Every structure is written in C-alpha cells, then in structure tokens.
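Some notes on the structure that comes next.
There are 2 protein chains.
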Amino acid sequence: MIKGKVAELLVSTQYLQEVQVKGWVRSFRSNRFIALNDGSTINNLQCVIDFEKTPEDLLKRITVGAAIKVTGTLHESLGSGQKVEIQATSVEILGDADPEEVKLTILSPKRHSLEKLREQAHLRVRTNTFGAVMRVRSKLSYAVHSYFQQNNFHYVNTPIITGSDAEGAGEMFKVTSFDLKDVPKNEDGSVNYKEDFFGKETNLTVSGQLEGETYALGLGQIYTFGPTFRAENSNTSRHLAEFWMIEPEVAFCDLDGNMDLAEEFIKYVLKYVLDNCKDDLAFLEERLVGEDKSKPESERSPMTLIDKLRFVVDNNFKRVSYTEAIEILKNSKPNKKKKFNYIIEDWGADLQSEHERYLVEKHFKCPVILFDYPADIKAFYMRLNEDGKTVRAMDILFPGIGEIVGGSQREERLDVLKKKMAELGIDEEELWWYLDTRKFGTCVHSGFGLGFERLVQFTTGMSNIRDVIAFPRTPLNAEF
Amino acid sequence: MIKGKVAELLVSTQYLQEVQVKGWVRSFRSNRFIALNDGSTINNLQCVIDFEKTPEDLLKRITVGAAIKVTGTLHESLGSGQKVEIQATSVEILGDADPEEVKLTILSPKRHSLEKLREQAHLRVRTNTFGAVMRVRSKLSYAVHSYFQQNNFHYVNTPIITGSDAEGAGEMFKVTSFDLKDVPKNEDGSVNYKEDFFGKETNLTVSGQLEGETYALGLGQIYTFGPTFRAENSNTSRHLAEFWMIEPEVAFCDLDGNMDLAEEFIKYVLKYVLDNCKDDLAFLEERLVGEDKSKPESERSPMTLIDKLRFVVDNNFKRVSYTEAIEILKNSKPNKKKKFNYIIEDWGADLQSEHERYLVEKHFKCPVILFDYPADIKAFYMRLNEDGKTVRAMDILFPGIGEIVGGSQREERLDVLKKKMAELGIDEEELWWYLDTRKFGTCVHSGFGLGFERLVQFTTGMSNIRDVIAFPRTPLNAEF
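These protein sequences, in sequence, are chains A and B.
The first sequence begins at 15 in the numbering used here and counts up by one.
The second sequence begins at 15 in the numbering used here and counts up by one.
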C-alpha cells in the first residue's frame, strides 16, 4: 500500500494501486465527493465514496475541517480539474469538526474578509489563500539561504537583545526582567539597570548591520536573516512591529557591487519561486484578479502576478541618482499640477512614498535603484562622496511596494566616521567596538537590508503586510 | 587577471596567471612571506614579496591585521603545507593596523584565552578558531534548512514577542515600550498594560511550539528556526539567555515517527558538515587534541572530533524507555557507591545531567533516545499513555553535551488536554486558540525542539556555549 501526501498522489500514475492518505476535509458534496487537503499543496485530492456502503453515522461525521484517513485505489479522474482521484474503500474519522462550532470560525465554507481571518490567525493557514502565502513564504526563505550559501556567504546570527541603541533607525522595545510594578530606582530617581538581568539597559534590535559589519571584516561576506523590531505606532499596511530582515554585508565591495548583488539576489529568489511554487502562484494570481474586479480600474494591477514577477526577473533595474530623480520629479505632471501631497521644490528633499511610486510605476515602469542621496537624510555610517554632500546610499523601489531594499557603502575612514558621529551626537564610547573595525584593517565594504515581509507581499500580491506573516505584531495586537 | 577569494585560489591550478586577492594579514615573516586570509577558508594564502624591490615604508605597513591587496602570479608552492603561492608584483595597503594598538587586542599574535576572546567578540571571528566555528555554524544552519525543505517541510516564523506565557518552560523576559522610570499604574497599583504598545503584557518567546502546532495542523509538516529566550540566572557553559532553536512539528506522526525524524535529521546535518567543512573540522580537531593535552587523562575525549561525528552518523541511536533507564541507573556503580550527587532511588525521579551522561558515555557509549517519561516531570501538552502515568515524551542525549533534543507526541484529545491544564492551573481562556486545534480536525501529531547552539558545540567540540554564537547573551552580559 502506498502511503502518500496529497501532493505526491496528485502527480502519481500508479493507477489501481491501493493508497492511503490523511488530511482535512475541505468540502463534501453529494454524500460522495470529498475534497481532501493535507497542506502539502494548494490542490485538493478528490476521494469518492460509495455512500450506499457507508454507515450513515460515519457520513455525518465527514464534515468540513474534520481530519480523516482515506484508504482506496488510485484512479484516473474523469472529472475536470484533476488528473487522479481515490475511490475510497474505507474512511476513518481521526478528529471531528462539529459543524455548529465550525460555523463560528473562518473554517466555515463561505467568503471571509482578510480582517476576519486575521482574528483567527491560528486557523487561517487552513484556507487556500493563507496556505498558498505561507508555502511561498517558506520557499522564498529557502531561496534566500540558498542564494547566499551557493555564493559562499556565511550566515551570522546577530544578537536580538542589544545593549546598543546607536543605529537610531527608530523607536526600540525595551527588554527587562524587572517586575514592572516595582522597578528598582537609584537615589536620583533614575532606573537602577545594574539590578536588571544584563546589568544595563537593553532593547530589541532594529538591525544587525553594525554587528554584521564586524563579521564581514573577518569572514569576508556574511548575511543575517532574523527578526527585527520597531516600536513605532504605525498602523499601516506596510509596517509591522516584528518583522524579518535579510542583511548581507560584503568586504572589499563598493556601492556598484552592492547594487549588482541586490539585483542578482532578488532575481534569484523570485526565479526560485516562479520555478518551485507554480500552483500556489497560479492560485494567488487568480485571487488577485478577483480582488481587482472590485476596484476602480485606475487602481487595478497593470500586470498579472506572474507577469509582474517575470518582468522583475527578466529586466534590468533602472539605476538613477537621487539628483536625477529630483529633476524628474520636479518636472513631473503631478508635481507641477500640485497633485503630490509633498511638492518637490529643492534638492535635498526626502522622497515620500508617492514620489517613489511615481518614479517606479509611472515614469520608469520598472524596479528602480536610487543612489547617492543627500548625506543629511541618511544614516551616519554611509560613505561620504567626494562632493561632501551626498553619501553612497541606495534604495531599491518596487512597483506597488515602494522601498524594498535600503543599503549603502559604509564609511570605512575612521576620521570621517568619527567626525560624522560627533556631529550627530553619537557617543564613541557606546560604539567602541564598531570603531575598532576601522582601526584594524579597515576596507571598502557595503551591504543592504531587505524587509522579508515586503518581499513576500510583492511575491504573493497580498496588499496588507499582516497577511504575509503567521502571527503579525502591530500596535495593540500581540494575540496568540 | 583573475580576481579571486583565498579559498578559490588555493585550489586553482592556473599557474603563471596574473591574480589579484584582497584580505587581512595574518602574519608576515622575514620581510618576505605574507600569510593572507579573507575569511573564505581557514587556510591562509602565502604571498611572497621581493623585499628588495618593496619600499621600506610599505614593508612597515604590512602588519598583522592590515587589509591589503596583492597582485602577482600564481605559482606551485615549493614550501610544505600549501599547494600554491602568489609571487607578488605589487602590494597595496587598504587599511592599516597600528602594531601598538593591535598589541592591546586579541589580534596580537599570541595565545589568548577563550575568556579574553569573548571580551572582544567583535574581533574574535578573525582568529582561526572562531573563523572555523562560525563557518561550521553557518553550514549547519543551511543543512537544517536543506533537510527540512528537501523533505517538504514548510518553514514558519512563529512570533518572538508573545502575549502567551503558558508554556511554562522557564522565566521570560518582558517586552515593553514603557518608560521604565515611570510605568503607568492602575488605581490598585498594578501595571496598566492597556497603555503599553501591545495593550497587554508581552514577553519574549521561550518556544514556538504551540504556534507551530497550529500551523502543522494546516500545512501538515512545518519547522521553525529562530531565536528563543530564557531569563534564567544560569551562569553555565550550557546556557544562554538568547539562543536559536529548531522546532519541527508533524501532523499524523506518532512518537516513533518523531524519533525516526530526529535521528535522520541529526545524521543528515552532521553528514553535511563532514562533507562540506573538512578543513575547518580538521583544524577544530587539532585544536581539541591540543586542549585535551592540558587535561587529566580521565577528562580527555575518548574519540577525536571527526571520529565522534562519524560515529553518530554511522550508528543507530539507542532507544530506551525511562523505566529501563531507571533500572540501569539504580544498579549502576556510581549509584551504588553514592558517587552521583543525586542518588536514583525510585521510579519518577527527574534525571540530572550526571545520569544522562552516565547512560550515554559509560553505559551505552552512543547517542540515546529516552522515551515514555513520568507525566509529572513533563509538560502539559505531552500525550498521556494508556498506563495513565507516563507520557509520550522523548529526549535525545549526546556524549559530552547531555540533552540535545526534547520532544513528544502531543496530547491530541481535547478532554484529556483540558483536564491536564485544569490540574496545572493553566487558564483555558489564555490558550483558546491552542485548544481550537483539538476541536477542529485534531489528529495525532508530534514534534521536537533542538537547541542549535548545543548542536554547534557538539559539532565543533567547543566546550563553552558562549563560544559558538557571535555575541552571547548571559546574565550581566549584553555587550555589542
């Protein structure tokens, strides 16, 4: 007897063999046709039972959500939409699902809103949409590791709990073992961190970059892929308080090399899911077409999901300096007609999402890499250009998503770095170890950060970032 | 001109070709022989310079730790220990390393203690030992992902910040956005968590298992691989406050299947590093031989590092019930002679590290899987056996390490689970979502947790767990 997963049996040609499969009932029609799914694929396996030979009390327990074991023979299917089916000789109920209780959940067979599904995040992975999204997410993760490992990058786990808050990438969560009801204080009323678990103030990391740099300057080329955190009160479809970030860092690599790396990397991982997630992507594409129908035409996607992914894989990203971009924006229709919320007037302006989307979606109509930003709007560790006013930063902008990658060549010159830190009031004592890397064999090096959930959003076409991570953390929401 | 990494050039046979390589000086002998390393391998590339043609001020700057670019021709090496060398035509200093400053760091060419190296965790990856450990760690990580992905497991990122503290696996860190100097209180003096970022009390996860189960019961087979936390004041060589854990979870799988999975998985990842980290393992094996020489004979490793790894890969793990193990321990010499700190008297005793090590290292002399533990000493979610007093738990014990895996078949029966939770005072309201999985198509399922750093310890032979993670977090230590 062949014991198999649904995914395996669906492509099997071992007709007339006895098979056994376990899974959950997705639907049961006419007391005859069970659609069985076990999570191995978006597709269900049809199991046909002979209801005349099946006891009535068993038939009643074959309900949506129930776990069952089906034994039978594999047959070429005469129905449309599937190649094989099982003609069941026996069905065993492994775990019931009371239809009255199922009715109260998102497992009930009707259309539920994405908001409703979020409230039952522990069950939503049993729906077609979330099964597909989470399988694609998993494959994307593997593609990330595969790309870097095949290219001899070393994976580094930078710390999650950090005593350093110098990066200034945003508000941080505090980590403590104190009883919050009764926090130990010093005589002057300040918190006595000496009594805390780590003996100092600690936070959740916002980025592993600085630690990653210390490793790149020893191992040559490294990447991180781990959770990062922002305690920002942003209730948007693009922000999470807890998200996964990918941060490669490469010694002896300048900004051009960094752009090449980012572009090649993104193309590799998208190609990987195009090749390995065909059924899930086809489903998600269909879903998006359906979703689009309810939108005004101007907001519909100009390309289907798979075409969009192929387009990114097959085309060069457009590389444009910040200065060029400002010129394009200044002369653009929405700027002249004052349709932008923020009108671009002068060089030095920080670009808003509306500007980034104009450049990508209207002007260039392809992914864009903007580089050489004004120093004043970028972080302290980015390398100053000879012009003294721009830094070797780059952002990659994607259609529908906006910024998906932010990176830079790092300031490798100790004196320039120290001067910049002094200007911004960053304590050298705090970052003594970071400065050490510039003292002992410093070199040109570069890296970038890619928010993994934004990549999953782009790949799956899900419009809300809360729908591409298993249990999203957002302001006022840490359920499960 | 061939631009290459040290690892590539060392195996190149393109003799007499012009090559260029960048890296850091590991040593410089006789004003002639530079040992160059770029992190791509444990091995250095010898670059031979003609000091008569090299300006003196350049010679002076070729110091340990400096970053340099060497151009020259590739030659078959006449010296021992290397196949090729570069006869340099030019050396360029990319980043100096002032010898006076280097003297104060662990980069200085002498033997430093592992404790000293820990204080300079940002530099220690430039040493042979830590370069090797971190490369092996990276490859092990990839082997973990490869094993599960090749076996159609889906990677799930369970939440790091959690509102649930029901697992009771130990003390948890609190996560908050409150100003700890001034925590908002209710009228009764309790903390007003409604004002906190998530509107409730939140902690850092100790395990992704419960959330992982919800996903396994939809996707079939999943795994997590992410950071977990314990706020325990354990200053030992086996404990970290922040460590990475691997947790697979499989629907329709019982404890026997779980043991098979764990054993096959561990053998796969060890085999992978044996095949892919030969040079690093050879170095680490040598290191261990050296370390052993300073130990009394009774404490030395009975096997070399690579033999030990091969032994695990090639032999079956011994499967022994808790009840059998207790009999063996009760009748053992150290128990009879009262050499154990905890004498085993009765069935039901919790095994200590000394007992586990006796079973593995003295009695069976191979990895051991203990199963069917007394219910009273195990967690609430483990499946109760028909005897009413043992649960379907398993621990895998490794030589030198002790427990490396803890797993179980999960209690899939709603009524039994609820009864157990009531006995232990675990709030059903708190775990409503976990109980839901037992209401809607519950099924036999199993999983385990493997502490990744313990696996890295075993694989590299490092005796302190702080030496197998980039920036260890332990009580009073969150530097970097």
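We put the beta carbon where it would ideally sit given N, CA and C, even for glycine.
Values in this document were obtained by computation on a predicted structure and should not be read as measured data.
| Check | Outcome |
| --- | --- |
| Measuring alpha carbon to alpha carbon, tell me which residue in 259/B, 419/B, 372/B and 361/B is nearest residue 391/B. | 361/B |
| 8 Å is my cut-off, CB to CB: does residue 450/B come that close to chain A? | yes |
| Would you call the stretch 333-346 of chain A and the stretch 366-378 of chain A in contact, with 3 or more CB pairs under 8 Å? | yes |
| The alpha helix (DSSP H) with residue 273/A in it runs from where to where? | 269-290 |
| Quick one, which of 429/A, 481/A and 465/A has its alpha-carbon nearest residue 456/A's? | 429/A |
| Would you tell me roughly how many angstroms separate the C-alpha atoms of residue 259/B and residue 154/B, rounded to the nearest one? | 13 Å |
| Suppose only complete runs of 3+ residues qualify. What are the beta strand (DSSP E) ranges in the stretch 22-48 of chain B, listed by chain order? | 32-43 |
| Hey, residue 225/B and residue 172/B: beta-carbon distance below 8 Å or not? | yes |
| Could you name the residues of chain A that residue 148/B contacts, counting a contact when the two beta carbons are closer than 8 Å? | 168, 170, 229 and 233 |
| What in chain B is Cβ-close to residue 116/A, meaning under 8 Å? | 454 |
| If I measure Cβ to Cβ from residue 438/B and keep anything under 6 Å in the same chain, skipping five residues before and after, which residues do I get? | 394 |
| Please confirm whether residue 282/A and residue 157/A have their CB atoms less than 8 Å apart. | yes |
| How about residue 156/B: is its C-beta nearer than 8 Å to some C-beta of chain A? | yes |
| Use the C-beta contact count for residue 16/B: other C-beta atoms within 10 angstroms, 16 or more gives buried, fewer gives exposed. | exposed |
| Do you know how far the Cα of residue 492/B is from the Cα of residue 211/A? | 9 Å |
| What span of residues does the alpha helix (DSSP H) with residue 328/A cover, start to end? | 319-328 |
| Check whether the stretch 266-277 of chain A touches the stretch 467-476 of chain A, counting contact only when three or more Cβ pairs, one atom from each stretch, lie closer than 8 Å. | no |
| Short check: CB of residue 23/A to CB of residue 92/A, under 8 Å? | no |
| Provide the residue(s) that pair with residue 217/B in DSSP beta bridges, ordered along the chain. | 176/B and 188/B |
| Who are the Cβ neighbours of residue 109/A in its own chain at under 6 Å, not counting the five residues just before and after it? | 81 |
| Distance check for residue 161/B and residue 302/B, CA to CA, integer angstroms please. | 28 Å |
| Along the stretch 32-51 of chain A, where does the CB come closer than 7 Å to a CB of chain B? Name the residues. | 36 and 38 |
| Please check the pair residue 85/B and residue 104/B, which I expect to be a contact at CB under 8 Å, by giving their CB distance rounded to whole angstroms. | 5 Å |
| I'd like to know whether the C-beta of residue 296/B is nearer than 8 Å to at least one C-beta of chain A. | no |
| Helix, strand or coil, according to DSSP, for residue 399/A in the structure here? | coil |
| With distances taken Cα to Cα, identify the nearest neighbour of residue 243/A among 186/A, 209/A and 296/A. | 186/A |
| Between the stretch 480-489 of chain A and the stretch 244-263 of chain A, are three or more C-beta pairs nearer than 8 Å? | yes |
| Rounded to the nearest angstrom, what separates residue 136/B and residue 420/B at their Cα positions? | 32 Å |
| At a CB distance below 9 Å, what residues from the stretch 104-132 of chain A approach chain B? Give them in sequence order. | 108, 109, 110, 111, 112, 115, 116, 119 and 121 |
| Can you pull the chain A neighbours of residue 457/B, defined as C-beta to C-beta under 8 Å? | 36, 81, 108 and 109 |
| Among residues of its own chain, excluding the 5 on either side of residue 213/A, which ones have a beta-carbon nearer than 8 Å to its beta-carbon? | 207 |
| Against chain B, which members of the stretch 202-228 of chain A pass a CB distance test of less than 8 Å? | 203, 204, 205, 211, 212, 213, 214, 216, 218, 225 and 228 |
| Kindly indicate which three-state DSSP category residue 436/A falls into: helix, strand or coil? | helix |
| Could you tell me which chain B residues have their CB closer than 8 Å to the CB of residue 313/A, listed as they occur along the chain? | Here the premise fails: no neighbours, minimum Cβ distance about 30 Å. |
| On the criterion of 16 or more Cβ atoms from any shown chain inside 10 Å, does residue 248/B qualify as buried, or is it exposed? | exposed |
| Quick one: list the residues of chain A neighbouring residue 188/B, beta-carbon separation under 9 Å, in chain order. | 188, 189, 190, 191, 192, 193 and 194 |
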